[in-house]
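Take a look at the structure set out below.
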Amino acid sequence: MTEQRECEGDVVLVTGGGGGIGFATVALLSARGASVVALGPDTAQLSKVHDLEGAVAVVGDAADEDDVWRAVDTALDRWGRLTAVACCAGVGTFGTVLDDSEQWYAALRANLDTAYVTTRRCLPALMDSRGSIVLVSSLAGVVAVPGSAAYTTAKHALIGLTRSLAVDFGPVGVRANVVCPGQTRTGMLDQVMDTIGGRAGLDRDSAYERAASVTPLRRPADPQEVAEVIAFLASRRSSVVTGAVLMADAGVSAADLSLTGLMPPVSGDGGRTHP
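Count the sequence shown with this note's numbering and you get residues 26 to 300, in order.
The following block contains the structure:
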């Protein structure tokens, strides 16, 4: 089977499918022959899905059980099965534990409850197909992002949820893995860069450049690059991988960033350049 059609026969539900990493995942899976249901709350964003072969949009909230049921039923009614789910729904939030408690609960709902409700409702179909669950956490799932307590808490919890799913449902053939993107140029991170960069007197591009300057790869990711990781975990190519935490963060989690800015870069001949 060619790479272009390697997902043929797969039926995947993608939450957060109207934008950012979610839409990139829908587009990639569709291009490779999968049948895809994209679930998201924004009708305008989801309109792009209608242009993709084998993809259908369902307007709804991934934290609402009835909406998720409709998305699952759409897959089952059209294609008779569900082989994978990719939980890409989520929003970035700011605030410490001393801030508004309503923001805390809203952030947990958007970033954690969406994955819980979606996987819960998809599991019967996934057990039938011996399918795959892919949750999308964040670099904030393994380190604390300053001033983002609820977001950091939710993203850490997604890793625990993934491991529980892998252990509990592995015996019936269901795999569960989690992807942790770092800086990825999506609309959500654009807003973050506008906010944080603005405080430092930087425009968006300058904020991205400064944030990436201490990462090993020295650049943010494109959504399509993260979608490649998600598609791999959703597919049969990763058939022995479960309970894994895959960092798609340009190497940030591997680095001691307190020292990175003080070290000269490595030159092309393998030695370090010096001023």
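For every residue, glycine included, the Cβ atom is placed at its ideal position computed from N, Cα and C.
- Using a Cβ distance threshold of 8 Å, T108 and D35 count as a contacting pair.
- Leaving aside the five residues that flank T211 on each side, the residues in its chain whose CB is nearer than 8 Å to its CB run, in chain order, G44, G45, I46 and P248.
- In terms of Cβ geometry, A87 and V51 do not form a close pair [threshold 8 Å].
- The stretch 226-240 makes no contact with the stretch 180-195; the number of CB pairs closer than 8 Å stays below 3.
- Separation of the CB atoms of V161 and V192 is rounded to 20 Å, and the pair is thereby denied contact status at 8 Å.
- Across the structure, V251 and G85 are spaced so that their CA atoms are roughly 24 Å apart.
- Under the three-pair Cβ rule at 8 Å, the stretch 99-113 does not count as touching the stretch 70-78.
- The alpha-carbon of S283 is positioned some 15 Å away from that of V170.
- For A69, the uninterrupted alpha helix (DSSP H) segment begins and ends at T68 to L71.
- As DSSP reads the structure, N202 sits in a beta bridge with V159.
- Here V265 is exposed: its Cβ has fewer than 16 other Cβ atoms, across all protein chains shown, within 10 Å.
- For G276, the closest alpha carbon among the candidates C32, Q216 and Q208 is that of Q208.
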